[in-house]
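Numbering (the numbering used here), first residue to last: 3 to 272.
All residues carry an ideal CB built from backbone N, CA and C; glycine is no exception.
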């Protein structure tokens, strides 16, 4: 079994565990509503209680993002966001007081070059990378680069994962395991599904790594509910929605308010 590491997201997750609570992992795509505002938004997350910021790179053909994130990503791409902006966002999130990780589809890493991407991410202060469309069997180059730069590599598991698959994925992961606790695309939901606790229990049967759960949490009560059985509560669409159809200052204020609510929620779950 793997233990929480002293690098990457390990220190912040260990600190949360010592406080007897789950961590809040907050996702935003870089470049929405524009690059400068998105950099400020990354900092707002940490300033208002997010422990880890998941910096998303917009992608033209996402396989698991819901309609809110897809809309933000489409508009960010139309305005010319680039891979280099991801590293600026990582630095902004770190300056806000959170530990940043990048969520990106693998083709963008390949286009830059895996070794170069890992070096740039580490230089910007990134703690690791979440790769939703990369399986461990095809991740040899990334595993080597992440080892060289001390970066977490976060692979995904789902309710459909077999025990053998859970063992394979968690053995290749470092930092935490990302449990997508619903089947299908992501997005805010009205209620927490019943599959999530069972999936977390199955993951814990094969690894000591912390388990982060993403399943459409949108408010304080849901954050508290998920924090009752997971090590980290991952929130995306609900936070992105705070920036939609609002002037930048209004959106940033709404973003900060929801982040504080969610941060309070993860402290109420146990």
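task = Return helix, strand or coil for residue 119, following the three-state DSSP convention.
result = For the purposes of this step, residue 119 is taken as residue 117 along the chain shown, with counting starting at 1. Of the three classes helix, strand and coil, the one that applies to residue 119 here is helix, per DSSP.
request  = Please say whether residue 214 and residue 225 have beta carbons closer to each other than 8 Å?
outcome  = The sequence position of residue 225 within the chain shown is 223, counting from 1. The sequence position of residue 214 within the chain shown is 212, counting from 1. Going by C-beta atoms, residue 225 is not nearer than 8 Å to residue 214.
task = Take the Cβ of residue 163 as the centre, count every other Cβ of all protein chains shown within 10 Å, and call the residue buried at 16 or more, exposed below.
result = Reading the chain shown from its first residue, position 161 is the one you call residue 163. Buried: at least 16 other Cβ atoms inside 10 Å.
task = Write down every uninterrupted run of the alpha helix (DSSP H) in the stretch 153-182 whose length is 4 residues or greater and which is fully enclosed by it, in chain order.
result = Fully enclosed alpha helix (DSSP H) runs of 4 or longer: 165-174.
ask   = What's the C-alpha gap between residue 135 and residue 143?
value = Indexing the chain shown from 1 puts residue 135 at position 133. Indexing the chain shown from 1 puts residue 143 at position 141. Cα to Cα, residue 135 sits roughly 15 Å from residue 143.
message = In the DSSP assignment, the beta strand (DSSP E) including residue 215 goes from what residue to what residue?
response = Your numbering for residue 215 matches position 213 in the chain shown. Where residue 215 is concerned, the enclosing beta strand (DSSP E) stretches over 213-216.
request  = Could you check which residue in 108, 169, 216, 177 has the C-alpha nearest to that of residue 10?
outcome  = Numbered from its first residue, the chain shown carries residue 10 at position 8. Comparing C-alpha distances from residue 10 to each of 108, 169, 216, 177 shows the shortest one belongs to 177.
inquiry  = So the candidates are 149, 150, 207; which of them puts its Cα closest to the Cα of residue 172?
reply    = On the chain shown, position 170 is the one that residue 172 refers to. Between residue 172 and the set 149, 150, 207, the nearest pair of CA atoms involves 207.
ask   = Where do the ends of the beta strand (DSSP E) carrying residue 137 lie?
value = Residue mapping note: residue 137 aligns to position 135 of the chain shown, counting from 1. Per DSSP, residue 137 belongs to no beta strand (DSSP E) and is neither H nor E.
ask   = Which residue from 19, 20, 33 puts its Cα closest to that of residue 58?
value = The residue given as residue 58 occupies position 56 in the chain shown. Among 19, 20, 33, the Cα nearest to that of residue 58 is on 33.
inquiry  = Is the beta carbon of residue 205 closer than 8 Å to that of residue 229?
reply    = Start at 1 with the first residue of the chain shown, and residue 229 comes out as number 227. Start at 1 with the first residue of the chain shown, and residue 205 comes out as number 203. Taking 8 Å as the cut-off, the Cβ atoms of residue 229 and residue 205 do not count as close.
Same chain only: Cβ atoms within 8 Å of residue 242, ignoring 5 sequence neighbours per side = The residue you call residue 242 lines up with position 240 of the chain shown. Here the set comprises 29, 30, 31, 34, 70, 71, 74.
key: Contained beta strand (DSSP E) runs [length at least 3] in the stretch 56-120, N- to C-terminal order   = If we require 3 residues or more, the beta strand (DSSP E) runs fully inside the stretch 56-120 come out as 101-105.
task = Figure out for me which residue from 199, 210, 239, 211 has the closest Cα to the Cα of residue 218.
result = Working through the chain shown from its first residue, we reach residue 218 at position 216. Checking every option, the nearest Cα to that of residue 218 belongs to 239.
inquiry  = Between 118, 46, 88, 36, which has its C-alpha nearest residue 259's C-alpha?
reply    = By one-based count along the chain shown, residue 259 stands at place 257. Nearest option by C-alpha distance: 46.
query = Can you tell which of 48, 81, 49, 55 has its C-alpha closest to the C-alpha of residue 62?
reply = As a working mapping, residue 62 is identified with position 60 in the chain shown. The residue with the shortest Cα to Cα distance from residue 62 is 81.
ask   = How many angstroms separate the CA atom of residue 244 from the CA atom of residue 257?
value = Taking the chain shown and counting its residues from 1, the one referred to as residue 244 is at position 242. Taking the chain shown and counting its residues from 1, the one referred to as residue 257 is at position 255. C-alpha separation (whole angstroms): 5 Å.
ask   = Among 37, 85, 55, which has the Cα closest to the Cα of residue 235?
value = Position 233 of the chain shown holds residue 235. Nearest option by C-alpha distance: 55.
message = I need the DSSP call for residue 28, collapsed to helix, strand or coil.
response = The sequence position of residue 28 within the chain shown is 26, counting from 1. Strand.
request  = Tell me residue 54's beta-bridge partners as DSSP assigns them.
outcome  = Residue mapping note: residue 54 aligns to position 52 of the chain shown, counting from 1. Residue 54 is bridged by DSSP to 27, 101.
ask   = What first and last residue would you give for the alpha helix (DSSP H) that runs through residue 226?
value = As a working note, residue 226 is residue 224 in the chain shown. Per DSSP, the continuous alpha helix (DSSP H) segment holding residue 226 begins and ends at 222-229.
task = Can you have a look at residue 109 and say buried or exposed, based on whether 16 or more other CB atoms are within 10 angstroms of its CB?
result = Locating residue 109 in the chain shown gives position 107, where the first residue counts as 1. Residue 109 is classed as exposed because its beta carbon has fewer than 16 other beta carbons within 10 Å across all chains shown.
query = Should residue 269 be labelled buried (16 or more other beta-carbon atoms within 10 Å of its own) or exposed?
reply = For this step, residue 269 is matched to residue 267 along the chain shown. Per the 10 Å Cβ criterion, buried.
message = Given this structure, state the Cα-to-Cα distance separating residue 15 from residue 79, to the nearest angstrom.
response = For this step, residue 15 is matched to residue 13 along the chain shown. For this step, residue 79 is matched to residue 77 along the chain shown. Residue 15 and residue 79: Cα-Cα distance of roughly 32 Å.
request  = Starting from the C-beta of residue 138, find all residues in its chain whose C-beta is less than 7 Å away, skip the five residues before and the five after it, and write them out in chain order.
outcome  = For this step, residue 138 is matched to residue 136 along the chain shown. Taken in chain order, the residues that qualify are 157, 170, 171, 174.
query = DSSP beta-bridge partners for residue 207?
reply = Translated into the one-based positions of the chain shown, residue 207 becomes position 205. Beta-bridge pairing links residue 207 to no other residue.
request  = Given a cut-off of 8 Å, decide if residue 85 and residue 132 are closer than it, judged by their beta-carbon atoms.
outcome  = Position 130 of the chain shown, counted from the first residue, corresponds to residue 132. Position 83 of the chain shown, counted from the first residue, corresponds to residue 85. Not in contact: residue 132 and residue 85 (Cβ atoms no closer than 8 Å).
message = Considering only the alpha carbon of each residue, which of 88, 44, 52, 20 lies closest to residue 262?
response = Position 260 of the chain shown, counting from 1, holds the residue named residue 262. Residue 262 has its Cα closest to that of 52, out of 88, 44, 52, 20.
message = Out of 272, 271, 265, which one is the CA nearest neighbour of residue 26?
response = Counting from 1 along the chain shown, the entry for residue 26 is found at position 24. The residue with the shortest Cα to Cα distance from residue 26 is 265.
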